[in-house]
Structures are given as C-alpha cells and as structure tokens.
Amino acid sequence: MLESSEYLHPDKECLSHEEIRALQVKRLQETMRHCMNNPFYKKKFEEMGVTPEDIKSVEDVRKLPFTTKQDLRDTYPFGLASVPLEKCVRLHSSSGTTGNPTVILHTQKDLDEWANAVARCLWMVGLRPSDVFQNSSGYGMFTGGLGFQYGAERLGMLTVPAAAGNTLRQIKFITDFGTTAIHAVPSYVTRIKEVMDQQGIDPRKDTKLRILAIGAEPHSEEQRKRIENMLGVKAYNSFGMSEMCGPGVAFECKEQNGLHFWEDYYIVEIVDPETLEPVPDGEIGELVLTTINREAMPLIRYRTRDLTRVLGRTCPCGRNHIRLDRMKGRSDDMMVLRGVNIFPIQIEKILMQFKELSTNYLITLTTDNDNDNMTVEVEYNEAPADMVALTKEITRRLKDEILLTPHVKLLPLGTLPQSEGKAVRVKDLRTVYQ
Ligand code: ADP
Ligand code: ZN
76 MLESSEYLHP DKECLSHEEI RALQVKRLQE TMRHCMNNPF YKKKFEEMGV
126 TPEDIKSVED VRKLPFTTKQ DLRDTYPFGL ASVPLEKCVR LHSSSGTTGN
176 PTVILHTQKD LDEWANAVAR CLWMVGLRPS DVFQNSSGYG MFTGGLGFQY
226 GAERLGMLTV PAAAGNTLRQ IKFITDFGTT AIHAVPSYVT RIKEVMDQQG
276 IDPRKDTKLR ILAIGAEPHS EEQRKRIENM LGVKAYNSFG MSEMCGPGVA
326 FECKEQNGLH FWEDYYIVEI VDPETLEPVP DGEIGELVLT TINREAMPLI
376 RYRTRDLTRV LGRTCPCGRN HIRLDRMKGR SDDMMVLRGV NIFPIQIEKI
426 LMQFKELSTN YLITLTTDND NDNMTVEVEY NEAPADMVAL TKEITRRLKD
476 EILLTPHVKL LPLGTLPQSE GKAVRVKDLR TVYQ
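Each residue of the sequence shown is one higher than the one before, starting from 76 at the first, in the working numbering.
The structure is reproduced here in structure tokens:
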C-alpha cells in the first residue's frame, strides 16, 4: 500500500467502463447462481423463466425481479439468506419502527469486503494511516458504528469508537487524542461546534481536525459548506444503508462532484418509481441497487426508495465508477401540502443561505380550518437586528422555492430538540393525511 497513491485499490478503482461492465456481468451471473440456494429467489427466477445464462450485458439485470423492504420483512429474519446460518458471523437489524425489523446477515468474507469498501472511501478523501479517526455514530445494530470502525482500522488509522452523544466527552477526545477526522451525521456536527463555542475552543487553532465524513441523512450543498467553514475542514458526503451493508456504498471523491457508487460491489439503476422503467441520465428517479459480491444475503434489484439522478460516468479523479447526485430524500419523505410536493431538503437549502441562521430547523405540518399549514422553526446564531424584516425575507424566499407561504419562526440557539442520531426534520400533526 503506497501512501502516496491516490487509490487504495487501483485495480478496481481505475477500471475502464468496459472493464467495469465485464466484471459486473460476471459477478451478476455468479450472484444469480448463488441466489438459487435461496427458495425465495429460486422461485422468482423460475417464475420469470430467467437463468444466469440470460445475463449477457449489464442491462440484462432488468430481466430480474425487484426486491423490496416488504420482502425483507415478509421473510424475517433469515428467509433471504443464500448460505446456511452456520456460515454467518454477524447480523445487523434495522429499528423496525414501522413493522417487522429487517435483518442483514454477513459471512466473514462479507465483513472483509465491507471493511475494504469503507477503507477505500476514506482513502479516497485523503485519509492515511497517520490520521486519527473518531466515529460519533451509534454502535450496536446501527451499521454506521461497526461499519466505519472496521473500515478505518483496515486503512490503518488510530480509530476512536467514541459512539453517539456526550458532546463534551466527544470534544475532549478530539483535543486530547489529536483527532484529525470525524464521521458524524451533519446535524450533529453543528452540535459539536455549538459546544466548542461554549467551551471557548477554536476548532482551527485548538484541534487538528481536517476531514469530515458526513452522511446517513439527507443534507444540502449549503449545509456542507456551512460545516466546512464552521470547522475549517473538508466535509465529504458518505452514503450507505443497512440493506447494502451500511456505510461504504458510495462516497464523494476530492472533487466533491457527486457520490461515486462502487460498481464492483453494486449494479446501479435509476428507475421511475411508478413505471419501474429506467430513466435517462440526469433525470430524478428511485435508486435500485443489486449486490454483486455478497455471500450471506445477496439482494437483487433492491428498491431503496431514495431519489437521486445520474450526474456522470467519468470524473477528473480518474475513477469511472458512476457519480450520482446527493439524495433528494426518500420517496416517503415527500410532503404533499395542498397538492404541492415538497421535500425537506428544499427548505434546508434556502435556510442555509442565511448566515444569521444556525443549521437546526424543524418543519411542523398542521391542519387548521381544514387547511394544511406549514410552520418552519429555525434557530438563529445571534439575535438579528431586525427580526421582523429577516422573518419576512426568509418567508418570501421559501415561498419562491415551495410555492406555499409557510409560517416562519426564529428561535434562539438551543431551543429546538437536538437529536444525537439522524435528525427529525418533519413533524406531521395533520388530522387528515393526503
Ligand atoms: P434506516 O432505514 O433505519 O434509516 P439506514 O441506516 O440503513 O437505516 O439508513 C439508510 C438511509 O439513510 C438511506 O436509504 C438514505 O435514505 C439515508 N442516507 C444515508 N446516507 C445518506 C446521505 N449521504 N445522504 C442522504 N441520505 C442518506
Ligand atoms: Zn471522482
């Protein structure tokens, strides 16, 4: 491993398009053969009359059935395993707030490949064995904990499993251990900075922080810039989901021009969520992922419900792994108000353009006199000179973006609830759901 190399896995990261596609066809055929060990997929393939020999190009993935979160729930806990349980060494499970939790099983090989993927991402943004990496994810079932832990160790960094919460202790670790890199959800970075301010700690002078991996929840380009300026660091978008192992599915490179999805691990499709037909590059659709090097529990055409679009298939960084736009949100995050479709991220994008405002906000939907209403509460950093004028200006800009007039409330810092995990941005208190 050459520390000066830009690439941790040059043989995979620098493949040409043709080479990527050839590898994907080979790995998809192998995955299909392997999935035949599983009654769910075996039956589906037979019903559709499709065999591994029918896969001659990457596009042939469209001959295969989709897999949904409901399928994972229906087969809970181990029904989608393609290996006997004794070959598995770990499982992760989702919270299951809306029904049966989902379970993903891993063999030792799966865990190794997962750690390699995370290490590749962290190396890509410039982290090296001399760095000190602090992970503020929850550990346990949440994949952001162990996922980053093993990836950072695989790279060779001194890794601090600080876990979620206890911000004072988090900051003490940053200063005492000379932490140079942190993984955190974007909303928590703001909290760390607030507490640093209260402690009189200047991140530029009093810490060695230089790189942040931010992800696990949707965030805007504006919020990223805020975080970078706040701490004097580079912040890179990190995308993952437990069904696809966890972190390490996709990451931005130093160009910060979209998320590189690792195509030696996944086949990426963007489909129209209604028709399930592919959409052209550049158009927004639902992200569909097929795992092509997983052993315990391969998933075919998994519908992620995340909405995004293809930005490009080449990059100045030298990697030809597909680049996707930052997630617009999940299809289930979309709010429908008086017939208008709105994503929380649209509101965040506007709020972050006001330097007077902090990054903590909450959208509340209510029904008043049979009408849907939206209240946007947002904290300010310092009390603005003219509160009324600022509120008006924010309302006007929001209206331009979402075509509805929200009720805007400015609040002092620290008023809104602060989550330690993924931020809750929307409270829907409407009596009649549309
Ligand atoms: P849960 O389904 O309980 O939220 P996960 O931790 O598996 O558990 O969450 C994965 C989801 O989190 C993704 O499907 C996506 O919606 C969101 N997510 C993860 N990383 C990002 C990111 N960088 N940007 C936007 N959304 C993200
Ligand atoms: Zn790149």
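Here a beta-carbon is modelled for each residue, glycine too, at the ideal position from N, C-alpha and C.
**OP:** Determine, using beta carbons only, whether Arg394 and Glu88 come nearer to each other than 7 angstroms.
**Re:** yes
Original post:
Who pairs with Gly387 in a beta bridge, going by DSSP?
Top reply: Arg398
**OP:** Would you mind working out which of Met123, Asp86, Pro127 sits nearest His109, comparing C-alpha positions?
**Re:** Pro127
Subject >> C-alpha distance - Ala237 paired with Asp408, whole-angstrom precision >> reply: 30 angstroms
Original post:
Comparing alpha-carbon positions, which option in Gly253, Ile246, Ile289, Ala288 lies nearest Lys268?
Top reply: Ile246
**OP:** Give the single residue among Lys329, Arg384, Val411 whose Cα lies nearest to the Cα of Glu344.
**Re:** Arg384
**OP:** Provide the residue(s) that pair with Lys484 in DSSP beta bridges, ordered along the chain.
**Re:** Glu452
Subject >> Per DSSP, cross-strand counterpart(s) of Arg405 >> reply: Asp381
Original post:
From Thr255, Gly414, Gly222, pick the residue whose C-alpha is nearest to that of Arg279; which is it?
Top reply: Thr255
Original post:
With a CB to CB cut of under 6 angstroms and the five nearest residues on each side skipped, what residues in its chain are close to His84?
Top reply: Arg195
Original post:
Who does His294 pair with in a DSSP beta bridge?
Top reply: Per DSSP, none; premise fails for His294.
**OP:** Could you say if the stretch 119–136 and the stretch 153–173 meet the contact criterion of at least three C-beta pairs nearer than 8 angstroms?
**Re:** no
Subject >> Ile397 beta carbon less than 7 angstroms from that of Pro293 >> reply: no
Original post:
Which whole-angstrom value describes the C-beta separation of Val235 and Phe248, a residue pair presumed to lie in contact below a C-beta threshold of 8 angstroms?
Top reply: 6 angstroms
Subject >> Any alpha helix (DSSP H) of 4 or more consecutive residues that is wholly inside the stretch 282–356 >> reply: 296–306
**OP:** Could you have a look at Ala259 and say whether DSSP puts it in helix, strand or coil?
**Re:** strand
Subject >> Those residues which DSSP pairs with Cys163 across a bridge >> reply: Thr182
**OP:** For my contact list, Arg376 and Pro176 are in at a C-beta cut-off of 8 angstroms; report their separation, rounded to the angstrom.
**Re:** Rounded, the Cβ-Cβ distance is 22 angstroms, inconsistent with contact.
Original post:
Given 8 angstroms as the limit, is there contact between the stretch 313–326 and the stretch 438–446, that is, 3 or more CB pairs closer than that?
Top reply: no
Original post:
Relative to ligand 1, is the shortest distance from any of its heavy atoms to the C-beta of Lys429 smaller than 6 angstroms?
Top reply: Correcting the residue identity first, residue 429 is Phe in this sequence and not Lys. Because no heavy atom of ligand 1 lies under 6 angstroms away, the Cβ of Phe429 does not count as near it: no.
Original post:
Of all the options His92, Ser80, Ser79, which has the alpha carbon lying nearest to the alpha carbon of Trp337?
Top reply: His92
**OP:** Determine the direct distance from the alpha carbon of Gly124 to that of Gly220, and round the result to whole angstroms.
**Re:** 41 angstroms
Original post:
By Cβ distance, which residues of its chain are closer than 7 angstroms to Ala310, with the 5 residues on each side in sequence left out?
Top reply: Leu287, Ile289, Arg299, Ile302, Glu303
Subject >> Three-state secondary structure assigned by DSSP to Gly360 >> reply: strand
Subject >> In chain order, each beta strand (DSSP E) run of at least 3 residues that lies wholly inside the stretch 228–259 >> reply: 233–235, 256–259
Original post:
According to DSSP, what are the bridge partners of Met410?
Top reply: Ile417
**OP:** Look at the alpha carbon of His335 and the alpha carbon of Gln99, and state the distance between them as a whole number of angstroms.
**Re:** 16 angstroms
**OP:** Give every residue of the same chain whose Cβ lies closer than 7 angstroms to the Cβ of Leu437, excluding the five residues on either side of it in the sequence, and list them in chain order.
**Re:** Glu452, Leu491, Arg500, Lys502
Original post:
Is it a yes or a no for the stretch 348–362 touching the stretch 325–335, going by three-plus beta-carbon pairs under 8 angstroms?
Top reply: no
Subject >> Buried versus exposed call for Glu349 [16 or more other C-beta atoms within 10 Å across all chains shown] >> reply: exposed
Subject >> Beta carbon shell of ligand 2 at less than 6 angstroms from a heavy atom >> reply: Cys328, Glu330, His335, Cys390, Cys392, Arg394
Subject >> Rounded straight-line distance, which links the Cα of Met111 to that of Lys118 >> reply: 8 angstroms
Original post:
For Thr379, is the beta carbon positioned less than 6 angstroms from some heavy atom of ligand 1?
Top reply: yes
Subject >> With 16 other Cβ atoms within 10 Å as the buried cut-off, status of Ser40 >> reply: This structure cannot speak to residue 40, because the chain is shown only from 76 to 509.
Original post:
Are there 16 or more other CB atoms within 10 angstroms of the CB of Asp339, so buried, or fewer, so exposed?
Top reply: buried
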